[in-house]
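J.:
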Amino acid sequence: MVNISSNAVYSFINYLHILGIERTQCFELINLTEQQLNQQKLVDIKHYQALYDHAKSCLHVNNLGFRYGQHIHTDRWGVLGQIIFTSPTLEVALANQRRYQSIAGSLGTPSFTIENNTVTLKWLPAIENSEQLAEELITSWIEFARRLTRSTTSPFHVYFSHSCLTTPLEYQQYFDCPVTFSHDFTGLVISSKLLKSASSGANVELNKTLTKYADSLLSEHSIQNPIEVTTDFIATQLPYKKPSLQNLSLYLNVSERTLQRRLNELNTSFSELVDQVKKDIAINYLTHSQRSLNDIAELLGFSELSAFNRAFKRWQQTSPARYRKAINKN
C-alpha cells in the first residue's frame, strides 16, 4: 500500500481551509476524524488523492499541487521537515531527505546525481496519475531551497513527465527557468554550488536530536512493517549502489540476523524483495516515462541491457520493449 504522512494530510486540509473548503467536509471525505488523523503516523494515499480531486472540483484549479507547493511549510513532512530545515547545508538536507523519506510515506523514489557543476534531482512516483503530487513535490523542493538559503535561487531547468495542466508561462514565472512537460522524467537541475549554501534554520543540536528521534521511528517502523521498510530502502539505494542486507542493518541499526528472521516470518527474503522492487520500478518507468531501456537497466543495477531483458521476461513473460509498446497502444 502506498501511504503518506498524516502530517501531510493535516497540512493540506489546513491549506484547503484557507482557500474556503470546510475542514469538517475534508475529514468526512477521507472518513477520518481529526483525532484519528492525529493518532496515525501514515495513512493510505487514496485519502490525499481524494482531497485533491474534491478541491479541484470545488476551486476549479487544475494545477492545485503546483500552487500548494509554493506555500509549503515544514509541518507538511513532520519530523522529516524539521530535520531538513535544521540541517547545516542544502547538501546535508538532501541527504537527510533521502535517508528519512520513508517516515514521511512511500510516495516514490527520489534520486540525486552530481555531474560537473550541476545536480539533477529526479522523482519516480509510486502511483499512477500523480500529476498533482509531482507538481507539489518539485515546487516544494524549490520553495524549501529558497527558504533554506534565503535567496530567490532558480533551477537551471524543471521537468515534468506529464503534460502541462494550465499554461507553461505560469510555471516559468515561478521557477524563473525553462520548464519542459511530457519529458522522460520528473525532476529539476540546479547548480552544485547551492549544495554548500548555509541553511537559514541551521541548528546542530536540534538537528542531532531530531535525527536520533527519526532513527528510532525507522527502527519502530521496521518492526511493525518490515517488508515496507525494506522495499523503501531498496528503492532508494538502487540508483546509487547495489542494495545489501548489511547496509540495511546499518541503516536501521538492527542486526542482519534479526532482519532475516522478520522477513522469514513473512515468508520472504531480502533477495526476493530486491527482485520485486526492481520489477515494480521497471514497470513504473516503462509505463510512466520515456527513459531508454539502457537507462532503466542501469538505474536498476543491471550490468547490461541483456541482463535486464532476461529478468523482465522472467517477470512478465515478454521483453521490456514489447511491454512498453503494448502499454502505449492502450
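So for the sequence shown, the working numbering puts the first residue at 41; every next one is plus one. We put the CB at the ideal spot given by N, CA and C, even for glycine.
Between which two residues does the alpha helix (DSSP H) holding Trp181 run?
T.: Element bounds for Trp181: Glu171 to Thr189.
J.: Rounded to the nearest angstrom, what separates His408 and Asn304 at their Cα positions?
T.: Residue coverage of the chain in this structure runs from 41 to 370, which leaves residue 408 outside it and unanswerable.
J.: Confirm, please, whether the CB-CB distance from Leu188 to Ser231 is below 9 Å.
T.: For Ser231 and Leu188, no; Cβs fall outside 9 Å.
J.: Determine whether the beta carbon atoms of Asp115 and Gly121 lie at a separation below 9 Å.
T.: Contact flag set, yes.
J.: Would Leu23 pass as a contact of Thr308 if the rule is Cβ separation under 9 Å?
T.: Not covered by the structure: residue 23. The range shown for the chain is 41 to 370.
J.: How should His328 be labelled, buried or exposed, when 16 other C-beta atoms within 10 angstroms of its C-beta is the threshold for buried?
T.: Buried, because 16 or more other Cβ atoms sit within 10 Å of the Cβ of His328.
J.: Measure from the alpha carbon of Leu246 to the alpha carbon of each residue in Ile58, Ile85, Ser151 and Ser127, then state which is nearest.
T.: Of the candidates Ile58, Ile85, Ser151 and Ser127, the one whose C-alpha sits nearest the C-alpha of Leu246 is Ser127.
J.: From what residue to what residue does the alpha helix (DSSP H) around Ser346 run?
T.: Leu345 to Gln356 is the extent of the alpha helix (DSSP H) around Ser346.
J.: Identify the continuous beta strand (DSSP E) that holds Glu155 and give its terminal residues.
T.: Counting along the chain, the beta strand (DSSP E) containing Glu155 begins and ends at Gly148 to Glu155.
J.: Could you tell me the boundaries of the beta strand (DSSP E) in which Leu164 lies?
T.: Start and end: Thr158 to Pro165.
J.: Identify which residue in Gly60, Leu250, Leu177 and Pro283 has its Cα closest to the Cα of Phe125.
T.: Looking at the Cα atoms, Leu250 is the closest of the given residues.
J.: Just checking my contact of Thr206 with Asn102 at CB under 8 Å: how many whole Å lie between their CB atoms?
T.: So it is a contact: roughly 5 Å between Cβ atoms.
J.: If contacts are defined as beta-carbon pairs under 8 Å, then Asp7 and Ser146 qualify, I think. What distance do you get, rounded to the angstrom?
T.: As displayed, the chain neither begins before 41 nor continues past 370, which places residue 7 out of reach and without an answer.
J.: Please state whether the Cβ-Cβ distance between Leu313 and Tyr325 is less than 9 Å.
T.: Not a contact, by the Cβ cut-off of 9 Å.
J.: If I measure Cβ to Cβ from Leu257 and keep anything under 6 Å in the same chain, skipping five residues before and after, which residues do I get?
T.: Once the five neighbours on either side are set aside, the close Cβ partners of Leu257 are Ile143.
J.: Could you tell me the alpha carbon to alpha carbon distance between Thr276 and Arg362, rounded to whole angstroms?
T.: If you take the alpha carbons of Thr276 and Arg362, they lie about 27 Å apart.
J.: Could you tell me if Asn47 is buried or exposed, where buried requires 16 or more neighbouring beta carbons within 10 angstroms of its beta carbon?
T.: Under this definition Asn47 is a buried residue.
J.: By the 10 Å Cβ neighbour count, where 16 or more other Cβ atoms means buried, how is Val244 classified, buried or exposed?
T.: By the neighbour-count rule (16 or more Cβ atoms within 10 Å), Val244 is not buried but exposed.
J.: Would you identify the three-state DSSP class for Asp84, choosing helix, strand or coil?
T.: Three-state result, Asp84: strand.
J.: Contact defined as beta carbons within less than 8 Å: I believe Phe352 pairs with Ser359. What is the distance between those atoms, to the nearest angstrom?
T.: With 8 Å as the limit, Phe352 and Ser359 qualify as a contact, their Cβ atoms being about 6 Å apart.
J.: Beta-carbon separation of Ile178 and Gly148 under 9 Å?
T.: Result no, Cβ atoms of Ile178 and Gly148 do not sit closer than 9 Å.
J.: For the beta strand (DSSP E) that contains Ser231, what are its first and last residues?
T.: Thr226 to Ser231 is the extent of the beta strand (DSSP E) around Ser231.
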